[in-house]
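From first to last, the protein sequence lines stand for chains L and B.
Residue 93 in our numbering is what sits at position 103 of the first sequence, and the numbering runs on without skipping anything.
To get our numbering, take the position in the second sequence, counting from 1, and add 16.
For every residue, glycine included, the Cβ atom is placed at its ideal position computed from N, Cα and C.
These numbers were taken from a predicted model, which means no experiment stands behind them.
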Amino acid sequence: MRKLFLSLLLISVQLHALEKESTFKIYSSIFNALGLKKPITVYVKGREYKEVFKGSGDIKISDSFEHSDIVLVTSVKTLDWIKKKIDQNFEYSPLIFATDYHFLKKEDRIIGAFYWRKGRSQLLFLKKRLEFYHIQLPREYQQFIVDEL
Amino acid sequence: MKKNYVNQLVFIIVGLSLLFALYLQYEIVKSTDKLKHDEIVKSEKYAKKIVDYLQLKTDNKIISTLKNDPNLRSELNDVLQTFLTEKFQYIFVLNKDSKGHYRFLLDGSKEEPVEFQTIFFPQSKTFDNVFLTHQMHIAQQEDGTQKIWLSLLYPINENGETQALLVMDISEEYADYLNNINSPLQSVAMMMQIFLFISMVVLIWMAYRYHRFRQTVLIDKLTGAHTKLFLEEFFNRKKLGSCNAILIDIDEFKEVNAKFGYGVGDKVLKEFVETIQTFLSLDDILVRIGGGEFFIAIPKTEQELDFFVQDLFINLKIKRYLIDNELVSLNVSMSAMVIPDEVLSLQNVLRVLDEKLLEVKNKGKNDYIVLKSETFASLQYGNMDYIKEALEDQRLVCLYQPIYDIENGKIAKYEALVRLRDKIDSEKLITPNYFLPAIRGTTQYIKMSKLVLEEVFSKLHVYTDIKISMNLDLNDLYSSDMMKLINKNLYKNREVANRITFEILEYDEIIDYEKASIIFQQLRAYGSQIAIDDFGSGYSNFTYLIRLNIDIVKIDGSLIRELAISSDRTKIVIQGINDMAVQLGMKVIAEFIYDETVYHTVESLKIRYAQGNYLGEPKPIEAYEKFNKV
Chain L
-9 MRKLFLSLLL ISVQLHALEK ESTFKIYSSI FNALGLKKPI TVYVKGREYK EVFKGSGDIK
51 ISDSFEHSDI VLVTSVKTLD WIKKKIDQNF EYSPLIFATD YHFLKKEDRI IGAFYWRKGR
111 SQLLFLKKRL EFYHIQLPRE YQQFIVDEL
Chain B
17 MKKNYVNQLV FIIVGLSLLF ALYLQYEIVK STDKLKHDEI VKSEKYAKKI VDYLQLKTDN
77 KIISTLKNDP NLRSELNDVL QTFLTEKFQY IFVLNKDSKG HYRFLLDGSK EEPVEFQTIF
137 FPQSKTFDNV FLTHQMHIAQ QEDGTQKIWL SLLYPINENG ETQALLVMDI SEEYADYLNN
197 INSPLQSVAM MMQIFLFISM VVLIWMAYRY HRFRQTVLID KLTGAHTKLF LEEFFNRKKL
257 GSCNAILIDI DEFKEVNAKF GYGVGDKVLK EFVETIQTFL SLDDILVRIG GGEFFIAIPK
317 TEQELDFFVQ DLFINLKIKR YLIDNELVSL NVSMSAMVIP DEVLSLQNVL RVLDEKLLEV
377 KNKGKNDYIV LKSETFASLQ YGNMDYIKEA LEDQRLVCLY QPIYDIENGK IAKYEALVRL
437 RDKIDSEKLI TPNYFLPAIR GTTQYIKMSK LVLEEVFSKL HVYTDIKISM NLDLNDLYSS
497 DMMKLINKNL YKNREVANRI TFEILEYDEI IDYEKASIIF QQLRAYGSQI AIDDFGSGYS
557 NFTYLIRLNI DIVKIDGSLI RELAISSDRT KIVIQGINDM AVQLGMKVIA EFIYDETVYH
617 TVESLKIRYA QGNYLGEPKP IEAYEKFNKV
C-alpha cells in the first residue's frame, strides 16, 4: 500500500514537472522572440509562475518591477498594480505580456498574450503595440501578429 | 520421431493461439473503431441539423444577420449550449475576417461565452480546408490542443461559398469512454498475447537449448564429424536402401598415437576428416564410429559408388600430413556397398561392412572392396538374428536327394538336406553354407538340429519303406547337449531308428578315436548306420576305415569331378577306395553325379550307390514318394 502511494506520488510529481517544463519552454521562446538581451529578467507575481522560471539560466525572476525586462501579467490585481506603476514612472516601464486575452483589451500597453481558448493554445501580438516598442518578431511569429483584437 | 511431432504440435498450438489472440485484438480494435465511427456519423447528423437551424434563423445570411442582431446571437448561443454534453466539449461558430483570421460568431459555452468577433487561432490547417472545399472535415487532435479528441468542422455555405463553420469538439473523455467499452476484452486479449508471446519465447529458447545439446551429442568434438548416435537417428528418418555406405579405417592408427602422441594423432584425425569432407556433398554424412574408423552414407542418386570409393581411396593415400617436420602418409582400408532396398537394419549393414573390412585387413590392409547388393543379400543370411527369426517363423525346410542303388536302379535311401526359406522371396531357398557357420556351437544350432531330427523321423514314420541319412558334424557330437538331443530322439523313435543313417562330416582331424568310437556306438544303439561323408578329401583318411566302425563311405564330390579332368588316374583312386571299403564290409556311395557320362563311369567302377543332380535333385520327399505314403 505504501509502495503504491509512493508510486502515485512520484507519477503526479513527474506530470507536474512535465507541465512546468512545457510552460517554461513556451514562455522562454516567446520572450526570446522579443529580441531582448540575455539573461531576460521577468517580473511576475504568483507562486506558480515563479516556480516555472526558477532555476533557468536564460530567464531570471526579478523582484523589482523597474529593473525587469518583461512583466508577466497573470491577474487583474497585478494588472491594476502595474498600470499604477507605469503611470507613476513611465520611463522605466518594461515590456508587458499577459496570460489572458481580456487583459489585452483592458490595457493598451500590453504587447501580447498567451492563453488557452476552446482547448487550443492562443498566442497573439498586437501590431501597433509592437511597433510602439520597436519590436521585430522573427518570421515564424508573424502569423500571430494581429492589427486589432 | 514421435517426440519431435509432439514438439512441433506444441509450437503449432502456441503459435495458433498467439495468432488467435492477435486476431481477437484486431477485432476489438475494429469494433472500437466502428463505435467511434458511428459516433462521428451521429455527430455529423447533429451538426447538419444545427447548421440547418442556424441558416433558417439567419435567413441564410449568417454573418450580416448576427452582426446586426445581438439578441439573436444570444438566443443562438443558448441553442448551441443545449447540445453541450459529456460528448461535446465545445460548440462554436467561426468566420474568417478579411485578413484571414478566424473570429467567433457564436459560442455555446455555459460560462462566459466568447464575445462576438473575438479572434481565434484554431491550431489546425483543416479549418482552412473546409473553407476551400466547402465540405465537412474532421480535425484530429494536434499539438497545442487540450481535452479534445477530434473536431467536427461543418461548413455553413451560402450560394456555394462557405461563410462560416460550425465547430463541434468531441471531448477526450468521451473517446476514453468509447475505448473503455471494449477495454476488459482488450485487456484479456493483451494478457493472452503477453502470455503466449512469453510461452513462445520460452519454447524457442528451450528448442535452442535442445538443439545445442543435440549438437554436443551428435557432433564429434574432435573432428566435427557426426557421432554414431546421429547415424542411428539419420536412418530412422531416412530409408537405408536409399544410400550407399562406406566404412573407412586408418591402418595402424594406434601407432601414430603411440609414436607421436595423442595431440598429433588428434591433429591428423582432423586433417583426415577435412580431406574426406572435400569429397562429400551437403546430403552426405560422415560419422566417426570410433578411433580412426569412419562411416560415410551417400544418397544413391549421387555418383557411381565404385568411382567414388576409388577416388576417395587414392586421395586419402596421397594425402600427406606434416608431423615433426616430416611429411607422413596414412594407409587406409575401406569397404563399401550399395545398400539393397530391402535391408531394414543398420546393424546388418555395419556388420557386413565390418566383416568385409576385416577381410581387406587380413589380406594385407591398404586396399578397398566394393560389395554388390547381391553379395549383401547372401551375407545377411549369416546373420544370427535372421536365422533365429527364420527358425521362429518355421521357415526351416528339409529337401531330400535320392541315393540310387545302381544294381537295381531303385532309390536305396534319401539324404536329408536342410534349407531356410528367404524372408521376402518364399520361393528362394538358402543353402547351409550361408547360415551354418554363423550358428555352429550356439543354441540356435541345437534348435535347428532338433527341428531336422523331428522332420526326418516324422518322414520315416510316414514312409515306412524308405531310409534317410542326415548330416552331423563330428564336433557337434562332442557336445553333451547335442548327444542328449540325438539320444532322446533315437529312443523316442526307436522303431524307425534303424532306417536312419548319420553322415559324419569333420572339419577338424579326429585325434581321439576312442571318444569318436564311443559316440558312434551310441548312435548305432537303435540300429542306425554311420556314414563317413566327403571321403577322400580334407581330413577324411584311411585311418578312419581302420579305426572306426563305419557302415558307409561317401566318396567326395571333388574326386568325382576329377573324373572329367584326369579320368584314368581318378578312376584308379576311386576304384581303390571302393575295393577297400567293400572288402571291409562297407557300402560305397559316389556323390556329385552330374551327368550321364559320370554315372556310367561310376557304374563301370562297380560302385554300388550313386547320388547327384543327374539322378535326382533335392526335392520335398513327396516328389519321390508319391505312392508310398502309409
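To be precise: take each residue of the stretch 158 to 171 of chain B, compare its Cβ to all Cβ atoms of chain L, and keep it if any distance is under 7 angstroms. Which residues remain?
G160, T161, Q162, K163, I164
Helix, strand or coil: how does DSSP classify H57/L here?
Mapped onto the first sequence, residue 57/L falls at position 67. In the structure shown, H57/L sits in coil (DSSP, three-state: anything other than H, G, I, E or B).
Excluding five sequence neighbours on each side, which residues of the same chain lie with their C-beta closer than 6 angstroms to the C-beta of L113/L?
Taking the first residue of the first sequence as 1, we reach residue 113/L at position 123. So the list reads F104, F134, once near-sequence residues are dropped.
Answer yes or no: does any C-beta atom of chain B fall closer than 7 angstroms to that of S111/L?
Numbered from its first residue, the first sequence carries residue 111/L at position 121. For S111/L, the answer is yes, since a Cβ of chain B falls inside 7 angstroms of its Cβ.
Grab me the residues of L8/L's own chain with a C-beta within less than 6 angstroms of its C-beta, minus the 5 sequence neighbours each way, in chain order.
As a position in the first sequence, residue 8/L is number 18, starting the count at 1. With a pLDDT of only 47 at L8/L, under 50, the local geometry of the prediction cannot be trusted, and the value read off the model is given with reservation. Closer than 6 angstroms at Cβ, skipping near neighbours: no residue.
Give me the Cα-Cα distance between K163/B and P138/B, rounded to the nearest whole angstrom.
For the purposes of this step, residue 163/B is identified with residue 147 of the second sequence, where counting begins at 1. For the purposes of this step, residue 138/B is identified with residue 122 of the second sequence, where counting begins at 1. If I take the Cα positions, the gap works out to 14 angstroms.
Any idea if S574/B is buried or exposed, counting beta-carbon neighbours within 10 angstroms, 16 or more meaning buried?
Locating residue 574/B in the second sequence gives position 558, counting from the first residue. Its Cβ having fewer than 16 others within 10 Å, S574/B is exposed.
If we define contact as Cβ-Cβ less than 7 angstroms, is K27/L a contact residue for chain B?
Taking the first sequence and counting its residues from 1, one reaches residue 27/L at position 37. It does not: the Cβ of K27/L has no partner Cβ on chain B nearer than 7 angstroms.
Which whole-angstrom value describes the C-beta separation of Y542/B and N514/B, a residue pair presumed to lie in contact below a C-beta threshold of 8 angstroms?
In the second sequence, counting from the first residue as 1, residue 542/B sits at position 526. In the second sequence, counting from the first residue as 1, residue 514/B sits at position 498. With 8 angstroms as the limit, Y542/B and N514/B qualify as a contact, their Cβ atoms being about 7 angstroms apart.
Taking all protein chains shown into account, do 16 or more other C-beta atoms lie within 10 angstroms of the C-beta of L373/B, making it buried, or fewer, making it exposed?
Numbered from 1 along the second sequence, position 357 holds the residue referred to as residue 373/B. Flag for L373/B reads buried.
Return the CA-CA distance between K508/B and E530/B, expressed in angstroms with no decimal places.
Here residue 508/B corresponds to residue number 492 of the second sequence, with the count starting at 1. Here residue 530/B corresponds to residue number 514 of the second sequence, with the count starting at 1. For K508/B and E530/B, the distance between alpha carbons rounds to 27 angstroms.
In terms of residue numbering, what span does the beta strand (DSSP E) encompassing Q627/B cover?
Your numbering for residue 627/B matches position 611 in the second sequence. Where Q627/B is concerned, the enclosing beta strand (DSSP E) stretches over 625 to 627.
Relative to chain B, which residues along the stretch 93 to 123 of chain L have a C-beta separation below 8 angstroms, given in chain order?
W106, R107, K108, G109, R110, S111, Q112, L113, L114
Determine which residues share a DSSP beta bridge with Q112/L and list them.
Within the first sequence, the letter at position 122 stands for residue 112/L. Y105/L.
Hey, which unbroken runs of the beta strand (DSSP E) at 3 residues or more fall wholly within the stretch 544 to 627 of chain B?
Qualifying beta strand (DSSP E) stretches, in chain order: 545 to 551, 568 to 571, 603 to 606, 625 to 627.
Please return the same chain residues whose Cβ sits closer than 7 angstroms to the Cβ of K73/B, not counting the five positions on each side in sequence.
Position 57 of the second sequence, counted from the start, is the residue given in the question as residue 73/B. Taken in chain order, the residues that qualify are L88, L92.
Which runs of the beta strand (DSSP E) spanning at least 3 residues fall entirely within the stretch 388 to 433 of chain B, listed in chain order?
The stretch 388 to 433 of chain B contains these whole beta strand (DSSP E) runs: 412 to 421.
Can you tell me whether L168/B is buried or exposed? The criterion is at least 16 other CB atoms within 10 Å of its CB, across all chains shown.
As a working mapping, residue 168/B is identified with position 152 in the second sequence. So L168/B ends up on the buried side.
Would you say the beta carbon of V204/B comes nearer than 6 angstroms to a heavy atom of the ligand SAM?
The ligand SAM is not part of the structure shown, which contains no ligands of any sort.
Looking only at C-alpha atoms, which of V233/B, D357/B, K335/B sits nearest to K254/B?
Residue mapping note: residue 254/B aligns to position 238 of the second sequence, counting from 1. Of the listed residues, the one whose Cα sits closest to K254/B is D357/B.
What is the residue span of the alpha helix (DSSP H) that L219/B lies within?
In the second sequence, the residue the question calls residue 219/B occupies position 203. Per DSSP, L219/B belongs to the alpha helix (DSSP H) from 199 to 234.
With distances taken from CA atoms, which of V344/B, L436/B, K426/B, S465/B is nearest L415/B?
Counted from its first residue, the second sequence places residue 415/B at position 399. The shortest C-alpha separation from L415/B is found at L436/B.
Would you verify that the beta carbon of I135/B is, or is not, closer than 7 angstroms to some beta carbon of chain L?
For the purposes of this step, residue 135/B is taken as the residue at position 119 of the second sequence. Taking Cβ atoms only, chain L reaches closer than 7 angstroms to I135/B, which makes this a yes.
What residues from the stretch 52 to 72 of chain L come within 9 angstroms of chain B, judged by C-beta to C-beta, listed N to C?
none
Can you confirm whether V42/L, when its beta carbon is compared against all beta carbons of chain B, has any partner nearer than 7 angstroms?
Within the first sequence, residue 42/L is the residue found at index 52, counting from 1. Chain B, which has no Cβ nearer than 7 angstroms to the Cβ of V42/L, makes this no.
Using a Cβ-Cβ distance cut-off of 7 angstroms, determine whether V136/L contacts chain B.
Indexing the first sequence from 1 puts residue 136/L at position 146. V136/L counts as touching chain B.
With DSSP run on the structure shown, which of helix, strand or coil describes I125/L?
Taking the first sequence and counting its residues from 1, one reaches residue 125/L at position 135. Looking at I125/L - three-state DSSP - the assignment turns out to be coil, as it is neither helix nor strand.
Using a Cβ-Cβ cut-off of 7 angstroms, state whether Y62/B counts as contacting chain L.
Numbered from 1 along the second sequence, position 46 holds the residue referred to as residue 62/B. Not an interface residue.
Between D584/B, S582/B, S553/B, S583/B, which has its C-alpha nearest V569/B's C-alpha?
To locate residue 569/B, count along the second sequence from 1; it is residue 553. The shortest C-alpha separation from V569/B is found at S553/B.
What does DSSP give as the partner residue(s) for P453/B in the beta ladder?
Taking the first residue of the second sequence as position 1, residue 453/B is located at position 437. BP columns for P453/B are empty, so no partner.
Cβ closer than 8 angstroms: which chain L residues qualify as neighbours of H117/B?
Here the question's residue 117/B lines up with position 101 in the second sequence. Correct list: V136.
Going straight from the alpha carbon of E431/B to that of S345/B, what length do you get?
To locate residue 431/B, count along the second sequence from 1; it is residue 415. To locate residue 345/B, count along the second sequence from 1; it is residue 329. Near 57 angstroms, if we compare the C-alpha coordinates of S345/B and E431/B.
Among residues of its own chain, excluding the 5 on either side of E188/B, which ones have a beta-carbon nearer than 7 angstroms to its beta-carbon?
Reading the second sequence from its first residue, position 172 is the one you call residue 188/B. So the list reads K163, I164, W165, once near-sequence residues are dropped.
If you check the beta carbons only, do I593/B and Q627/B fall under 7 angstroms apart?
Position 577 of the second sequence, counted from the start, is the residue given in the question as residue 593/B. Position 611 of the second sequence, counted from the start, is the residue given in the question as residue 627/B. No, they are not a contact pair.
Measure from the alpha carbon of A580/B to the alpha carbon of each residue in Y615/B, F558/B, D550/B, M602/B, then state which is nearest.
The residue you call residue 580/B lines up with position 564 of the second sequence. Comparing Cα positions, the closest option is Y615/B.
Do we get a CB-CB distance below 7 angstroms when we pair Y106/B with the residues of chain L?
Working through the second sequence from its first residue, we reach residue 106/B at position 90. Yes, Y106/B counts as interfacial toward chain L.
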